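In full-length UniProt numbering, the protein residues as written are 1 to 240. Report on the following structure.
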Ligand code: ADP
Ligand code: MG
């Protein structure tokens, strides 16, 4: 579903991604971890065309993102993305947040968008909150709305960039529970997170990045039982 082949990206002289290669198969959950500044956000944003890159190939559901002819907005509409800071529209009610892109990007009618949006809001346990503004919800609730909003676009895959790291600890699990359910339903997911409990529960593979490189890309059990690189071992010893 997602394949990075030797992807490199530069900010001027600074190389932020160094020949990154990895694959995410359909239905697979890949957790990406690594120290701050190692390039995790940059990598994941490349996968829905939010970040351009200079070298290598990146193919998402058969679409070559390295090809300048690719219609990026169309691709972006098909790959859901959830950010650390929710990124809901603060001036729009929850219901409107859920419907906007469905109507503007997918051309759905208001009623259809609303039915879909409300079903997903119910699924994340928030159907009573559709008339509120994002600021009236807790961080955990806002993040669940952001997930519902992404799912309303019928994505072929979901990308998460540290979806729980801005949350108070007591709200982390309500968001992870939604993600675990999605994973178990077979959603293709690429998840940047340091929640190793989540990784142990649902990840198929774990990718460890350091200084712009994919240092380790291992089956989950192999990663946790015996990380091969010193850098991954050191990282795990600090966060576990
Ligand atoms: P991570 O998500 O692993 O913390 P990022 O992908 O956000 O890492 O950033 C990787 C590196 O790229 C960092 O060193 C960061 O400072 C640098 N970086 C990120 N965005 C920019 C930018 N727009 N211009 C220059 N450097 C950047
Ligand atoms: Mg980041």
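Glycine included, each C-beta is placed from N, C-alpha and C at the ideal position. Quick caveat, the model's predicted, so the values are computed rather than measured.
Asked                                                                                                              : Found
Start-to-end residues for the alpha helix (DSSP H) that takes in residue 212                                       : Here residue 212 belongs to no alpha helix (DSSP H), and DSSP marks it neither H nor E.
Counterpart residues of residue 8 in DSSP-defined beta bridges                                                     : 55
Contact set for residue 152: own chain, Cβ-Cβ below 6 Å, skip 5 residues either direction                          : 98, 102, 116, 117 and 120
6 Å Cβ shell around residue 134 - same chain, five flanking residues per side excluded                             : 88, 90 and 142
Closest by C-alpha distance to residue 231, when choosing among 33, 17 and 5                                       : 33
Status (buried if at least 16 other CB within 10 Å, exposed otherwise) for residue 225                             : exposed
First and last residue of the uninterrupted beta strand (DSSP E) at residue 23                                     : 14 to 24
Which of helix, strand or coil DSSP assigns to residue 87                                                          : coil
Straight-line Cα distance separating residue 40 from residue 191                                                   : 10 Å
Nearest-angstrom Cβ-Cβ length linking residue 5 and residue 21, presumed shorter than 8 Å                          : 6 Å
Range of the contiguous alpha helix (DSSP H) that encloses residue 234                                             : 230 to 239
Completely contained alpha helix (DSSP H) runs for the stretch 105 to 180, where each covers 4 or more residues    : 110 to 123 and 139 to 151
Outcome for residue 108 when other beta-carbon atoms lying within 10 angstroms are tallied against a minimum of 16 : buried
Any non-hydrogen atom of the ligand MG closer than 7 Å to residue 132 Cβ                                           : no
Residue 80 - containing beta strand (DSSP E), residue span                                                         : 79 to 82
Identity of the residue in 122, 95 and 125 nearest residue 111 by Cα                                               : 95
Residue 189 versus 202, 36 and 197, residue with shortest Cα-Cα distance                                           : 202
Exposed unless 16 or more other CB atoms sit within 10 angstroms - verdict on residue 221                          : exposed
Proximity test, residue 34 beta-carbon vs the ligand ADP heavy atom, cut-off 7 Å                                   : yes
Contact test: residue 210 Cβ vs the ligand SAH heavy atom, cutoff 7 Å                                              : This structure lacks the ligand SAH; the ligands present are the ligand ADP and the ligand MG.
Beta carbon of residue 145 nearer than 8 Å to that of residue 126                                                  : yes
Reference residue 132; option with closest CA among 15, 13, 92 and 223                                             : 92
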